[in-house]
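By the UniProt record's numbering, the letter at position 2 of the sequence shown is numbered 2, and the numbering carries on one by one without gaps.
The C-beta atom is built at its ideal place from N, Cα and C for all residues, glycine as well.
As structure tokens, the structure follows; a few thoughts come after it.
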Amino acid sequence: MLEEVVATRYVTPLREGGSLPGIVEADDLGTYVMKFTGAGQGRKTLVAEVICGELGRRLGLRVPELVTIQLDPVIGLAEPDQEVQELLRASAGLNLGMDYLPGSLGFDPLAYEVGPAEAGKVVWFDALINNVDRSWRNPNMLVWHGDPWLIDHGATMIWHHNWPGAQASAAKPYNASDHVLAPFRPDIEAAAAELAPLVTEELLTEVAAEVPDAWLEGEPGFDSTDQLRRAYVEPLLARAGSIHERIERDAPTKTRPSQAPGWLTEHLTPWPHPTKKDRAAQADAGRAGKDGGR
Ligand SMILES: Nc1ncnc2c1ncn2[C@@H]1O[C@H](COP(=O)(O)OP(=O)(O)O)[C@@H](O)[C@H]1O
Ligand SMILES: [Mg+2]
């Protein structure tokens, strides 16, 4: 089971995503991004966060630490926003917390470069868990201390929304055309060779065990939470060995302007990033050009 902490202060809502997570402080003096059980997306989103986040971290990817957070809605009484008040009231009890990465920036594919090896691992991992939410529109990656970190694994494992069709659903390919790291020449073969053997029944059973019972109880078609945990293991285990052969990529057609502030990106275009020497040479050439015109 994940470590459990108690929320002591609701700090502020985060409005970039769709689910209105909030920043909270907890009794372990930690600061967390809290995902609410009472959010419209439902508790399956939280189950997906736990299973995929914990799996990713065990595969060596950077995923902030996860905890469960006990919430007494009374901590939000001073919060003026009606929507937040309702969310807090609907989420009394156990919620999900992700370690808050202070000072992190949203990943911008025009401002940061990722090598083919790391890009390959992330694309392969997203194919494994069927993550449809790491596109250039919505990268769900943060850059912290210079490294990319993976967040938001709520929109994964689509098969857990329809268990009777899970096997057929998990056998489907993964389309990586819109993946935020698709332009970084992801080395998917190398990633599969390294990571697929690590995705064992044992490891998946271990990550499924991290999910609190409260988020699994009462699922139609299952007699026990253990049986449901087992159902989470099977599609991932089946996918691990061969999903790399079913990663589809359409020809790249989409480009978009950077949304990063100018101070972050203006010195970065075009790639490769110009060095000081390049810039000095460019300035010299500019001066020479002007002189020549006189
Ligand atoms: N661990 C974190 N540290 C710092 N900021 C975060 C963290 N997790 C999420 N955020 C910020 O909150 C936003 C929404 O979080 P996300 O997990 O993507 O939720 P949603 O389901 O609403 O998309 C992110 O885009 C990011 O800006
Ligand atoms: Mg998000």
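Residue environment: N162 is assigned as exposed (fewer than 16 neighbouring CB atoms within 10 Å of its CB, all protein chains considered). With a beta-carbon spacing of about 5 Å, L59 and L195 fall inside the 8 Å limit used to define contacts. The DSSP-derived three-state label of G241 is coil. With respect to the C-alpha of L61, the residue from A182, I151, A288 having the closest C-alpha is I151. Within its own chain, the residues whose Cβ lies closer than 8 Å to the Cβ of V5, once the five positions on either side in sequence are excluded, are A26, D27, D28, G30, Y32, V67, T68, I69, Q70, G97, listed in chain order. Burial is judged here by how many other beta carbons sit within 10 angstroms of a residue's own beta carbon; M1 has fewer than 16 and is exposed.
Leaving aside the five residues that flank K35 on each side, the residues in its chain whose CB is nearer than 8 Å to its CB run, in chain order, S19, P21, T45, L46, E49, N95, L96, G97, M98, G154. DSSP places D72 outside any alpha helix (DSSP H), giving it a letter other than H or E. Burial check for T200: the Cβ neighbour count within 10 Å stays below 16, so the residue is exposed. Of all C-beta pairs linking the stretch 132-150 to the stretch 197-217, fewer than three are shorter than 8 Å, placing the two stretches out of contact. The beta carbon of V114 sits closer than 7 Å to those of P148, L181, F184, all from its chain and outside the five residues before and after it, given in chain order. Distance from L128 to A251 at the Cβ level is roughly 24 Å; contact not present, criterion being Cβ atoms closer than 8 Å. Judged by DSSP secondary structure, D126 falls within the alpha helix (DSSP H) whose first and last residues are 116-129. P116 is positioned such that its CB atom lies no closer than 8 Å to that of D223. For W136, the three-state secondary structure derived from DSSP is coil. Two segments are said to touch when three or more pairs of C-beta atoms, one from each, lie closer than 8 Å; by this definition the stretch 70-85 does not touch the stretch 240-249. Excluding its 5 nearest sequence neighbours in each direction, L216 has C-beta neighbours in its own chain below 6 Å: T225, L228, listed in chain order.
Here G93 carries a strand assignment [DSSP, helix/strand/coil]. Of the other Cβ atoms in all chains shown, fewer than 16 fall within 10 Å of the Cβ of R287; this residue is therefore exposed. About 23 Å separates the beta carbon of H179 from that of Y232, a gap too long to meet the 8 Å contact definition. With respect to the C-alpha of N131, the residue from V84, Y100, S177, Y112 having the closest C-alpha is S177.
Contact check for G120 against A191 passes: the beta carbons are separated by less than 8 Å. Note that the C-beta distance between I23 and T12 is below 8 Å.
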